[in-house]
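Following my numbering, the numbering of the sequence shown begins with 31 at its first residue and continues without gaps. Don't be surprised by glycine CBs; every beta carbon is placed ideally from N, CA and C. Just below is one structure, and these are the notes that go with it.
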Amino acid sequence: MRLADLHEDLAYASMMIDVINGDAQSSISMLRAFDESMVFAAVFPRIKMRKIAGESHIALRGLLIEQIKFYLELEKAGLVNIIRGINDLRPGINLVLSLEGADVLGINDLYILKELGIRAIGLTWNEDNRFAASCMTKKDYGLTNNGEELVKLANELGIIIDVAHASKQTVLDVASASRKPIIASHANASALKHHRRNLDDEEIEAIIKTGGVIGVTAIRDTLPSPTMQGIVDNLKYIGESFGWSHVALGTDMLGIDETPTGFENILKARNIIEVINREEELWRNPLRVINDVMNS
Numbered sequence: 031m032r033l034a035d036l037h038e039d040l041a042y043a044s045m046m047i048d049v050i051n052g053d054a055q056s057s058i059s060m061l062r063a064f065d066e067s068m069v070f071a072a073v074f075p076r077i078k079m080r081k082i083a084g085e086s087h088i089a090l091r092g093l094l095i096e097q098i099k100f101y102l103e104l105e106k107a108g109l110v111n112i113i114r115g116i117n118d119l120r121p122g123i124n125l126v127l128s129l130e131g132a133d134v135l136g137i138n139d140l141y142i143l144k145e146l147g148i149r150a151i152g153l154t155w156n157e158d159n160r161f162a163a164s165c166m167t168k169k170d171y172g173l174t175n176n177g178e179e180l181v182k183l184a185n186e187l188g189i190i191i192d193v194a195h196a197s198k199q200t201v202l203d204v205a206s207a208s209r210k211p212i213i214a215s216h217a218n219a220s221a222l223k224h225h226r227r228n229l230d231d232e233e234i235e236a237i238i239k240t241g242g243v244i245g246v247t248a249i250r251d252t253l254p255s256p257t258m259q260g261i262v263d264n265l266k267y268i269g270e271s272f273g274w275s276h277v278a279l280g281t282d283m284l285g286i287d288e289t290p291t292g293f294e295n296i297l298k299a300r301n302i303i304e305v306i307n308r309e310e311e312l313w314r315n316p317l318r319v320i321n322d323v324m325n326s
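Put into structure tokens, the structure is as follows:
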């Protein structure tokens, strides 16, 4: 069985636990259990939920570099393959390096990040920045002029834009500004559970009109029930309402404190794929976005 997962926090978690041979939510050893896997591996340059004067851009850029180095070291050790272009998919574990939150960036930093292997970028995390308003915003100003420039350059460089954690207006603005498919790497449907991190039908429609994909996530508070069934319900809602060509898994494994009941680790994704009986779409949809965006 093949696994595509649009969001796992391997590098961030590696600062605290063993994500190579460990048994907490996900690890390289668990991913080996799949015939083939393709994981959007997050680079999360934050000190989680911590805002102090010493959390400077220099320090956060240091975290960004250290987490990219972690993935490059995995590749050097032969444990993973990093996807940098449309022909890079290999047997085994494939990673798409994905920056979660553009807070530490200048626009032209994208040139450097591409050289370092980054192929997806989330405009926001849970805080507003100079590029876009986040899902936690108190004033939804959407995509700024700087944000439009960032989206334009990402399109030119073949870097996927991710609107997970973005505000509603940001999602709509990005979908309008991007000439390439966009993703919401880890989010669920507001129709099933009202939550700031979830997408309403207008947002989902905007994403799929770009040819994009929504990664259904395992964040308990965003699910109609904090169970594996809650994940299944979201997959079915998006797939049946908007088309199975636009849905995927985006678990957020290693980035959540507690997993849904029945979905204790990434190995349980096999049960979800079997229940949904849509293995081909759940694999092919993210691959289509990779091909469409990286073929710049």
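Cβ neighbours of residue 199 within its own chain (closer than 8 Å, five residues either side excluded): 163, 170, 171, 172, 173.
Counting other Cβ atoms within 10 Å of its Cβ, residue 224 stays below 16 and is therefore classed as exposed. DSSP, read as helix, strand or coil, puts residue 200 in helix.
Going by DSSP, residue 323 is part of the alpha helix (DSSP H) stretching over 309–324. Boundaries of the beta strand (DSSP E) around residue 245: 243–246.
Pairing residue 202 with residue 93, the inter-Cα distance amounts to about 30 Å.
Between residue 147 and the set 72, 193, 213, 157, the nearest pair of CA atoms involves 72. DSSP places residue 286 in the coil class of the three-state scheme, outside both helix and strand. Counting C-beta pairs with one atom in each stretch, the segment 241–251 and the segment 39–51 have fewer than three that are closer than 8 Å, which means they do not touch. By the neighbour-count criterion, in which 16 or more other beta carbons inside 10 Å mark a residue as buried, residue 95 falls on the exposed side.
Leaving aside the five residues that flank residue 105 on each side, the residues in its chain whose CB is nearer than 6 Å to its CB run, in chain order, 112. Taken through DSSP and simplified to helix, strand or coil, residue 125 comes out as strand.
In this structure residue 181 touches residue 207 by the C-beta definition: roughly 5 Å separates them, less than 8 Å.
Each residue's CA atom was taken as its position, placing residue 241 and residue 311 some 14 Å apart. Three or more beta-carbon pairs drawn from the segment 138–152 and the segment 183–193 are found closer than 8 Å, and the two stretches are therefore classed as touching. In this structure, residue 315 places its C-beta atom within 8 Å of the C-beta atom of residue 275. Per DSSP, the continuous beta strand (DSSP E) segment holding residue 152 begins and ends at 148–152. The closest CA to that of residue 33, considering only 301, 324, 157, is found on 301. The beta carbon of residue 178 is closer than 6 Å to those of 207 in its chain, skipping five residues each way along the sequence. Less than 8 Å divides the Cβ of residue 49 from the Cβ of residue 57.
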